[in-house]
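Structure first, then comments.
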Amino acid sequence: MKAIITVVGEDKVGIIASVSGELAQRKVNILDITQTILQNYFTMMMLVELSEMELSLEKLKTALEEIGKRLGVSIRIQHEEIFRTMHRV
Amino acid sequence: MLDTLEIMDTIRMITVDKLDIRTITMGISLQDCADPDAKAAQKKIYDKITRLAGNLVEVGREIESEYGIPIINKRIAVTPISIVAAASECDNYVGFAQTLDKAAKAVGVDFVGGFSALVHKGFSASDLRLIDSIPEALTLTDRVCSSINVATTKAGINMDAVARMGEVVKAAAERTADRDGIACAKLVVFANVPEDNPFMAGAMHGIGEPECTINVGISGPGTVKAALEKVRGERFDVVAETVKRTAFKIARAGQLVAREASRRLNVPFGIIDLSLAPTPAVGDSVAEILEEMGLQSAGAPGTTAALALLNDAVKKGGIMASSHVGGLSGAFIPVSEDAGMIRAVEAGALSLEKMEAMTCVCSVGLDMIAVPGDTSASTISAIIADEMALGVVNNKTTAVRIIPAPGKGVGDSVTYGGLLGTAPVMPVNAFSAADFISRGGRIPAPLHSVRN
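As they're listed, the protein sequences go chains A and B. Counting with the numbering used here, you get residues 847 to 935 for the letters of the first sequence. Counting with the numbering used here, you get residues 202 to 653 for the letters of the second sequence.
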């Protein structure tokens, strides 16, 4: 299953490193990544592949949320299909 | 590959504009549970519901978590109990309602609908037993919802049933007087009820439906309002187009949830109910959409036109997103569940009569309306009769869910919390319809060839 991770918040050193480090540790493969400043907010989006992940999506979600709390940013992970189906016929 | 704007748009719709899936409803046929022994029938019903819906809540939670889109309610709709219980030898059907309640609690769903009867052309003995059981059944249960279809465009209006339902509504209110008459919030009277309706209190699993099916009701008034904020002052063509595009996106999310739920539960997908249904939360109001179009308050002159545009554009946008659309699709305007509607009633901008006019162009009808506790049964029946006539003549579904608030008058309100919300008591025309209602009989089906 592919999922999209979004990270939104105030820019600071180490956001990308923390998130991607966690993902590597959990065997989550990053397929695509884009990062921009949108309306003054640091906004990062990652397309990831979860098929080799060793823990449940629920646990990964919690782990990412904890990192988000530490960095003061909001991190969400959602099945990628919701983004595709909503906007395209 | 990644479209940043589309992704942010989805996330904004969910987090800021409160986009959610209103309900996943599993429809379950109970036709095979009929039994001459009422206890045996009830056991079959309990076993069947808990077997088929055992995973419903769990799967709902999984989908919610994986896709990151909130699913507010998980519900069950069953075959109208007047059909299932007809074979059983018993005096009343309260035991059936309690069985449904127990099953709903066992599987963890919010509501179970189908303590229902269809009496548009007349009553069977079983229908009468069910109707007589309603006040007690809704008092002794927490999650059971009841609906009675008293009229159709083809059969006309069963005025005996309309008269009877006025009394049933009063009795239901009085029995639950200590809880603001909550039994009435679980009881709805219909004209032209759809068989695949996932919305409470009118949900039922019609006899034309399959063994088991998954229906999804979508929501999202906040999302539509947010979209309209961006086109302030533009012409109505732009307004309609904006609503349409937004409805498409919302319905796509619903279609995805429906498909996943259906796959994971191994139950066929039924319909998407494309509805803008409010929640009492601020920012999730249909009335506020109407106000965004330029009305000072819902209920102001122009409201009916605005609602007509909204209702139609929602359907047009959603229909492209899903192949199977049904239920009560359109815009819902329950008073107690919509912060903007509550405000409009309190400000005196919205009367019962204006609401009635609005229901000609929206989904359902006089929904979650509180009236003074001393309103007579015949007046309630007459309000029901008016709404049924609108449905029958205009070939659409209409309904009445009205609460004669026990011991309360205009200026008071009833509060239920949760999705049912708070309803300010609305004034009712004080002139009597008692002689009109006491006639009984049937109002004939209307002619549809010489229309004007």
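Built from N, CA and C at the ideal position, the CB exists for glycine as well. Since the structure is predicted, the reported quantities are computational estimates derived from the model, not experimental observations.
Straight-line gap, residue i to residue j (C-alpha atoms, nearest Å)
i: Ala378/B; j: Ile543/B; result: 22 Å
i: Pro479/B; j: Met569/B; result: 12 Å
i: Gly455/B; j: Ile222/B; result: 6 Å
i: Thr598/B; j: Ile861/A; result: 54 Å
i: Ala459/B; j: Ser864/A; result: 36 Å
i: Phe533/B; j: Lys555/B; result: 15 Å
i: Glu207/B; j: Glu856/A; result: 21 Å
i: Ala427/B; j: Glu547/B; result: 24 Å
i: Lys355/B; j: Thr224/B; result: 30 Å
i: Val217/B; j: Thr205/B; result: 17 Å
i: Gln299/B; j: Asn467/B; result: 28 Å
i: Glu538/B; j: Met360/B; result: 29 Å
i: Asp575/B; j: Gly608/B; result: 7 Å
i: Gly269/B; j: Ile921/A; result: 12 Å
i: Arg930/A; j: Asn875/A; result: 20 Å
i: Arg640/B; j: Gly519/B; result: 43 Å
i: Thr623/B; j: Tyr617/B; result: 6 Å
i: Met886/A; j: Pro469/B; result: Looking at the sequence shown, residue 886/A is not Met but Asn. Those two C-alpha atoms are separated by around 46 Å.
i: Pro336/B; j: Ala278/B; result: 20 Å
i: Asp438/B; j: Lys445/B; result: 11 Å
i: Val853/A; j: Cys413/B; result: 40 Å
i: Ser523/B; j: Arg453/B; result: 7 Å
i: Ser530/B; j: Gly867/A; result: 47 Å
Beta carbon of residue i nearer than 7 Å to that of residue j
i: Thr486/B; j: Ala540/B; result: The amino acid at residue 486/B is misidentified as Thr; the sequence shows Ser. Taking 7 Å as the Cβ cut-off, Ser486/B and Ala540/B qualify as a contacting pair.
i: Glu926/A; j: Lys873/A; result: no
i: Ser582/B; j: Ala635/B; result: no
i: Val526/B; j: Ile451/B; result: no
i: Ala288/B; j: Thr340/B; result: no
i: Glu430/B; j: Glu410/B; result: no
i: Ala362/B; j: Val369/B; result: no
i: Lys275/B; j: Val258/B; result: yes
i: Thr515/B; j: Ala448/B; result: According to the sequence displayed, residue 515/B carries Val and not Thr. Yes, they are a contact pair.
i: Thr226/B; j: Asn393/B; result: no
i: Ile229/B; j: Leu253/B; result: yes
i: Ala286/B; j: Thr251/B; result: no
i: Phe316/B; j: Ile282/B; result: yes
i: Ala600/B; j: Val389/B; result: yes
i: Val308/B; j: Ala462/B; result: no
i: Ile358/B; j: Met589/B; result: yes
i: Leu508/B; j: Val432/B; result: no
i: Asp302/B; j: Arg344/B; result: yes
i: Ala482/B; j: Ala545/B; result: no
Under 8 Å from the C-beta of residue i: neighbouring residues of chain A
i: Tyr268/B; result: Gln924, His925, Glu927 and Ile928
i: Ala454/B; result: Ile928, Thr931 and Met932
i: Lys426/B; result: The contacting residues do not exist; Lys426/B stays about 18 Å from chain A at best.
i: Lys450/B; result: Met932 and His933
Sheet register partners of residue i (DSSP bridge)
i: Met890/A; result: Val853/A and Gln881/A
i: Met227/B; result: Ile277/B and Ile415/B
i: Ser317/B; result: Ser348/B
i: Arg922/A; result: Thr852/A
i: Val615/B; result: Ala624/B
i: Leu567/B; result: Val601/B
i: Asn653/B; result: For Asn653/B, which the question treats as bridged, DSSP gives no partner whatsoever.
i: Ile358/B; result: Ala352/B and Ile644/B
i: Ser476/B; result: Gly531/B
i: Ala392/B; result: Ala352/B and Thr599/B
i: Asn875/A; result: Glu895/A
i: Ile272/B; result: Ile222/B
Residues that residue i contacts on chain B, provided the C-beta gap is smaller than 7 Å
i: Ile850/A; result: Ile208
i: His884/A; result: Per the sequence shown, the amino acid found at residue 884/A is Leu instead of His. Residues of chain B passing the Cβ test: Met209.
Top-ranked residue by Cα proximity to residue i, from the options
i: Leu877/A; options: Ser920/A, Glu900/A, Met892/A and Leu869/A; result: Met892/A
i: Leu189/B; options: His649/B, Val565/B and Val425/B; result: Within the shown structure, residues of chain B are numbered from 202 to 653, placing residue 189/B beyond reach of any answer.
i: Leu567/B; options: Arg376/B, Phe632/B and Gly592/B; result: Gly592/B
i: Leu906/A; options: Arg262/B, Gly261/B, Val572/B and Ser266/B; result: Ser266/B
i: Val572/B; options: Ser650/B, Ala606/B, Arg380/B and Ala600/B; result: Ala606/B
i: Pro422/B; options: Ser348/B, Lys371/B and Glu493/B; result: Glu493/B
i: Ser564/B; options: Ser614/B, Pro535/B, Ala586/B and His321/B; result: Pro535/B
i: Glu375/B; options: Asn596/B, Ile644/B and Ser577/B; result: Ser577/B
Chain-ordered neighbours of residue i on chain B, where CB pairs are closer than 9 Å
i: Met899/A; result: The contacting residues do not exist; Met899/A stays about 13 Å from chain B at best.
Within chain B, the residues that residue i reaches when beta carbons sit closer than 8 Å
i: Leu903/A; result: Ser266 and Glu267
Chain-ordered neighbours of residue i on chain A, where CB pairs are closer than 7 Å
i: Leu457/B; result: Glu927, Ile928 and Thr931
i: Ile349/B; result: Ordered by position in chain A, no residue passes the 7 Å Cβ test against Ile349/B, which lies about 38 Å from the chain.
Contact test: residue i Cβ vs the ligand ZN heavy atom, cutoff 6 Å
i: Ala509/B; result: As far as ligands go, the structure on display features none, and thus does not contain the ligand ZN.
Residue i at chain C interface by Cβ criterion, 7 Å
i: Met891/A; result: Among the chains of the structure shown, chain C does not appear; the protein chains present are A and B.
Residue i: contacting residues in chain A (beta-carbon distance under 9 Å)
i: Ile644/B; result: Residues of chain A passing the Cβ test: none, with the nearest at roughly 45 Å.
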